[in-house]
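**Q** Let me give you the structure first, and then I'll get to my questions.
4 protein chains.
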Amino acid sequence: MSTTFHSANREIMAELETCMAAIDDQAASEMADRILGARKVFAIGVGRVMLMLQAFVKRLNHLGIEAYCVGEINEPAITKDDVLLIASGSGESAVPVAIAKVSEKYGPAILYIGSNTRSTIAGMAKATLRIPCRTKLNLPGELASVQPMSSMFEQSLLLTLDTLAFMILREKHIVLSDLWQKHANLE
Amino acid sequence: MSTTFHSANREIMAELETCMAAIDDQAASEMADRILGARKVFAIGVGRVMLMLQAFVKRLNHLGIEAYCVGEINEPAITKDDVLLIASGSGESAVPVAIAKVSEKYGPAILYIGSNTRSTIAGMAKATLRIPCRTKLNLPGELASVQPMSSMFEQSLLLTLDTLAFMILREKHIVLSDLWQKHANLE
Amino acid sequence: MSTTFHSANREIMAELETCMAAIDDQAASEMADRILGARKVFAIGVGRVMLMLQAFVKRLNHLGIEAYCVGEINEPAITKDDVLLIASGSGESAVPVAIAKVSEKYGPAILYIGSNTRSTIAGMAKATLRIPCRTKLNLPGELASVQPMSSMFEQSLLLTLDTLAFMILREKHIVLSDLWQKHANLE
Amino acid sequence: MSTTFHSANREIMAELETCMAAIDDQAASEMADRILGARKVFAIGVGRVMLMLQAFVKRLNHLGIEAYCVGEINEPAITKDDVLLIASGSGESAVPVAIAKVSEKYGPAILYIGSNTRSTIAGMAKATLRIPCRTKLNLPGELASVQPMSSMFEQSLLLTLDTLAFMILREKHIVLSDLWQKHANLE
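Chains as they are written, first to last, in our numbering: chain A, 1 to 187; chain B, 1001 to 1187; chain C, 2001 to 2187; chain D, 3001 to 3187.
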């Protein structure tokens, strides 16, 4: 390798620092409140974004919050007491948009995390948390990135979601050593 | 296509008829009882077998039975009040064997569905339901198949599991029209 | 259990016999031809229907046909030389409809397997294979079922897809014993 | 929320900085070399760790490296020309250990990323990249974390893997704008 790990990693970490600094405290707090206050949390995204949401859903369940990914084996019916959390850089991904439209029949609050506050999904959302990463749309205000495709968004999303989980953990006064009790224990 | 759908399908249906006829009523009844009586159901298999188990887990949740696939996003901890349902033609698949061994620490009853009653998994199981389909091991008493690989087992498994679900539905006097209430409604 | 396995299973098998008898030989043959002739096969459905498609995609790969489920980890880009196989009883499932619309930008032939030949998806399809199972829409010509929700469709779909796979296997003169070479060997 | 996003996030970012600083340049370079030099890459882990590996596998495919997750729909057979990449904090997770043992029949090089260089998996590995995060085992040299369970490891793993991907991208002189060609385009 002509590039060392640390030289490559420093560029990535610098991007993440910039991106995290751009997150709005109040919007993040409202997002955490709505997730904590929901009867059930449903999450949807596409590709690597969906993987980060799956990681979040897994952690929410550990924290005692009933959460599901749309499409997973034991997904229940969504209701008006639930939230539908959609992550999408562009806010225009076809499957999340289709799901958001179907959800309107049942009345859950839509929560949007992404870069594009003028998107279809942002327009349907009750609350938005902006992560201003570069998208395919190259919108004004998006942060540049040296990384391939949407890597910066996906990394920032994981860190943002895990920060929300950490805020909720503190809010619920959860003791870390108790957490393994709800954790899958077979694999 | 030189082979017509119906000529090909007739061969497959004949295999399934033979296979279904070989299922033992009492063993099937015990399997259904144990699934209905469990606090939670965990299922594990490999490849297409796992897909059939996922279909079963989905249906069990619709019937009001808490069920999970091992490895899915919101898999909880297994306990001694639960069952671990393992499907494996040969009863020797590496991942299910590993999971079965880990499960012994927690005490759930292991249930085995497959062809090989002398297998490692059958030896650990509290109850076994034999589907005598051809396996890679070519054991005595296995039914022959013209189909590729383990297709006959996978098809027989889906039909067996859906028959168990149907028995449970009748046992619980569930009204079909009520079922859609628990069904995912977003996609 | 008040219902025996064999009494429950006989009802299911009778439904499947009726359903399989209703499949059109010529439409099935065209479907198999198009799948065999495609550069790549992409498959999409929802819930248990998607699980049956995943089983088919797995088998197609064993038969040397490059196939993917929409949404899976290493899904490549779709092109005009590919086919998009959609299974949906009603032909109106939101996610498959959204995917079908996106696909039109890239030009693959859409193939539809389901019950509703007047549906949105059927209307976009180059070829349709009808499995006339009961849907939520209760359309004329749909077969009745004693089973919960869309079980009859999902079972019929697996048997139909595995019959198509069997036709393709014969068409390609594949020797069964050669098949395990492409099969995953780790689990 | 009594904790603000930025106060929570600062603690997480500080943990990640410490952790990234502990990565060995030479071990990382060897890991990237082996991944780039492999015929095919297979990845396995458990839970949130598996999700991070899935994100990596997705990106590797975009970079033109044939990569799979163990258990995915179109997983092919592994051979001696491939690598089996295992991520596990403790190096003792049951399923990865079982897969590693099966893999020995076929001869791929095992690559280990995790915290425990004295683990079963590290013992089987041709190359190891240590991320010294806290594990359930509380081994000497592990970094402390305020976060729940293995969050620090999972975050560090994503950043480490994406850094490896970035090194490979530079090594191959890939132009970012060309990358979307191999990217899934349906959802």
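Heads up, the beta-carbon is just placed ideally off N, CA and C, and yes, glycines get one too.
#1: Give the DSSP-derived three-state secondary structure of D/A3184 in the structure shown.
#2: Are the Cβ atoms of B/F1042 and B/I1078 separated by less than 8 Å?
#3: Strictly under 8 Å for the Cβ-Cβ distance: is C/I2065 near chain D by that measure?
#4: Assuming contact is defined by CB atoms lying nearer than 8 Å, are C/I2023 and C/Q2147 in contact in what I supplied?
#5: Among residues of its own chain, excluding the 5 on either side of D/S3145, which ones have a beta-carbon nearer than 8 Å to its beta-carbon?
#6: Tell me, please, which residues DSSP counts as bridged to B/R1130.
#7: For A/V70, count the other beta carbons within 10 Å of its own beta carbon; 16 or more makes it buried, fewer makes it exposed. Which is it?
#8: Starting from the beta carbon of B/I1099, find every residue of chain D whose beta carbon is closer than 9 Å, and list them in chain order.
#9: Taking all protein chains shown into account, decide if A/V175 is buried (16 or more other Cβ within 10 angstroms of its Cβ) or exposed.
#10: Quick check: is the beta carbon of A/M13 nearer than 8 Å to any beta carbon in chain D?
#11: Nearest chain A C-beta to C/V2102 closer than 8 Å, yes or no?
#12: Note down, in chain order, every chain A residue with its Cβ under 9 Å from the Cβ of B/V1057.
#13: So A/A43 is in the alpha helix (DSSP H); what residue range does that whole segment cover?
#14: Hey, is D/T3004's beta-carbon within less than 8 Å of any beta-carbon in chain A?
#15: Can you check whether the C-beta of D/K3136 is within less than 8 Å of a C-beta belonging to chain C?
#16: Unbroken alpha helix (DSSP H) runs of length 4 or more, entirely within the stretch 1041-1083 of chain B: which are they?
#17: Just tell me which of D/S3115, D/G3123, D/N3061, D/M3149 has its CA closest to the CA of D/I3036.
#18: Assign C/S2103 to buried or exposed, taking buried as 16 or more other Cβ atoms, counted over all protein chains shown, within 10 Å of its Cβ.
#19: Are any of the Cβ atoms in chain D nearer than 8 Å to that of A/S29?
#20: Taking all protein chains shown into account, decide if A/N116 is buried (16 or more other Cβ within 10 angstroms of its Cβ) or exposed.
#21: With DSSP as the reference, label C/I2168 as helix, strand or coil.
#22: Mapping DSSP to helix, strand and coil, what is A/A109?
#23: Taking buried to mean at least 16 other C-beta atoms within 10 Å of its own C-beta, is B/S1177 buried or exposed?
#24: Could you confirm whether any beta carbon from chain D is found closer than 8 Å to the beta carbon of A/G91?
#25: Suppose you measure from the CA of C/S2156 to the CA of B/N1009; what does that come to, to the nearest Å?
#26: Would you say C/K2182 and D/P3076 are within 8 Å of each other, going by their C-beta atoms?
#27: By the criterion of Cβ-Cβ separation under 7 Å, what are the contact partners of C/R2048 in chain B?
#28: Taking only the alpha-carbon atoms, compute the straight-line gap between D/R3048 and D/A3087 and give it to the nearest angstrom.
#29: Who are the Cβ neighbours of B/L1143 in its own chain at under 8 Å, not counting the five residues just before and after it?
#30: If you follow the alpha helix (DSSP H) that B/L1036 is in, where does it begin and where does it stop?
#31: I'd like to confirm something about A/A87: is its beta-carbon nearer than 7 Å to some heavy atom of the ligand GTP, or not?
#32: Note down, in chain order, every chain B residue with its Cβ under 7 Å from the Cβ of A/Y68.
#33: If we ignore side chains and look at the alpha-carbon of each, how far apart do A/S2 and B/L1161 end up?
**A** Let me spell this out:
#1: If you number the fourth sequence from 1, residue 3184 of chain D lands on position 184. Under the three-state reduction of DSSP, D/A3184 is assigned to coil, being neither helix nor strand.
#2: Numbered from 1 along the second sequence, position 42 holds the residue referred to as residue 1042 of chain B. Numbered from 1 along the second sequence, position 78 holds the residue referred to as residue 1078 of chain B. Going by C-beta atoms, B/F1042 is nearer than 8 Å to B/I1078.
#3: On the third sequence, residue 2065 of chain C is found 65 positions in, with the first residue counted as 1. For C/I2065, no CB of chain D lies under 8 Å from its own CB, so it is not counted at the interface with that chain.
#4: Walking along the third sequence from the start, residue 2023 of chain C turns up at place 23. Walking along the third sequence from the start, residue 2147 of chain C turns up at place 147. No, these two residues do not count as a Cβ contact at 8 Å.
#5: What you label residue 3145 of chain D is simply residue 145 of the fourth sequence in a count that begins at 1. Setting aside the 5 residues that flank it on each side, D/S3145 is surrounded in the same chain by E3015, C3133, R3134, S3151, M3152, each with a C-beta closer than 8 Å to its C-beta; the list follows chain order.
#6: As a first step, residue 1130 of chain B must be located in the second sequence, where it is residue number 130. DSSP output for B/R1130 lists B/G1114 as bridge partner(s).
#7: By 1-based counting over the first sequence, the position of residue 70 of chain A is 70. So A/V70 counts as buried.
#8: Start at 1 with the first residue of the second sequence, and residue 1099 of chain B comes out as number 99. By Cβ distance, chain D contributes A3094, V3095, A3098.
#9: The count along the first sequence starts at 1 and reaches residue 175 of chain A at position 175. With fewer than 16 Cβ atoms within 10 Å of its Cβ, A/V175 is classed as exposed.
#10: Position 13 of the first sequence holds residue 13 of chain A. Yes - at least one Cβ of chain D is within 8 Å of the one on A/M13.
#11: Within the third sequence, the letter at position 102 stands for residue 2102 of chain C. A Cβ of chain A is located within less than 8 Å of the beta carbon of C/V2102.
#12: Taking the second sequence and counting its residues from 1, one reaches residue 1057 of chain B at position 57. Per Cβ cutoff of 9 Å: I73, N74.
#13: If you number the first sequence from 1, residue 43 of chain A lands on position 43. Per DSSP, A/A43 belongs to no alpha helix (DSSP H); it is in the beta strand (DSSP E), 41-44.
#14: By one-based count along the fourth sequence, residue 3004 of chain D stands at place 4. Chain A contact via Cβ: present.
#15: Mapped onto the fourth sequence, residue 3136 of chain D falls at position 136. No, because no Cβ of chain C sits closer than 8 Å to the Cβ of D/K3136.
#16: Counting only runs of 4 or more residues that sit fully inside the stretch 1041-1083 of chain B, the alpha helix (DSSP H) segments are 1048-1062, in chain order.
#17: As a working note, residue 3036 of chain D is residue 36 in the fourth sequence. According to the sequence provided, residue 3036 of chain D is Leu. The question's Ile does not apply to it. For D/L3036, the nearest C-alpha among the options comes from D/N3061.
#18: Counting from 1 along the third sequence, the entry for residue 2103 of chain C is found at position 103. Classification for C/S2103: buried.
#19: Start at 1 with the first residue of the first sequence, and residue 29 of chain A comes out as number 29. It does; some Cβ of chain D falls within 8 Å.
#20: For the purposes of this step, residue 116 of chain A is taken as residue 116 along the first sequence, with counting starting at 1. Buried: at least 16 other Cβ atoms inside 10 Å.
#21: Position 168 of the third sequence, counted from the start, is the residue given in the question as residue 2168 of chain C. Note: C/I2168 maps to helix in three-state DSSP.
#22: Along the first sequence, read from residue 1 onward, the residue named residue 109 of chain A stands at position 109. DSSP places A/A109 in strand when its eight states are reduced to three.
#23: Here the question's residue 1177 of chain B lines up with position 177 in the second sequence. Looking at its Cβ environment, which holds fewer than 16 other Cβ atoms inside 10 Å, B/S1177 is exposed.
#24: As a working mapping, residue 91 of chain A is identified with position 91 in the first sequence. No, A/G91 lies away from the interface with chain D (no Cβ there is under 8 Å from its Cβ).
#25: Numbered from 1 along the third sequence, position 156 holds the residue referred to as residue 2156 of chain C. Numbered from 1 along the second sequence, position 9 holds the residue referred to as residue 1009 of chain B. C/S2156 and B/N1009: Cα-Cα distance of roughly 11 Å.
#26: For this step, residue 2182 of chain C is matched to residue 182 along the third sequence. For this step, residue 3076 of chain D is matched to residue 76 along the fourth sequence. Yes, Cβ-Cβ distance for C/K2182 and D/P3076 is below 8 Å.
#27: In the third sequence, the residue the question calls residue 2048 of chain C occupies position 48. Neighbours of C/R2048 on chain B, chain order: A1055, K1058.
#28: Residue numbering aside, residue 3048 of chain D sits at position 48 when the fourth sequence is read from its first letter. Residue numbering aside, residue 3087 of chain D sits at position 87 when the fourth sequence is read from its first letter. About 11 Å.
#29: As a position in the second sequence, residue 1143 of chain B is number 143, starting the count at 1. Correct list, in chain order: E1015, T1018, C1019, A1022, P1132, C1133, R1134, M1152.
#30: Residue mapping note: residue 1036 of chain B aligns to position 36 of the second sequence, counting from 1. It spans 1025-1037 - the alpha helix (DSSP H) in which B/L1036 sits, taken as one unbroken run.
#31: Among the ligands in the structure shown, none appear at all, so the ligand GTP cannot be discussed.
#32: In the first sequence, the residue the question calls residue 68 of chain A occupies position 68. Under the 7 Å cutoff, chain B gives N1074.
#33: One-based indexing of the first sequence puts residue 2 of chain A at position 2. One-based indexing of the second sequence puts residue 1161 of chain B at position 161. Separation of A/S2 and B/L1161 (C-alpha to C-alpha, rounded to the nearest whole angstrom) is 55 Å.
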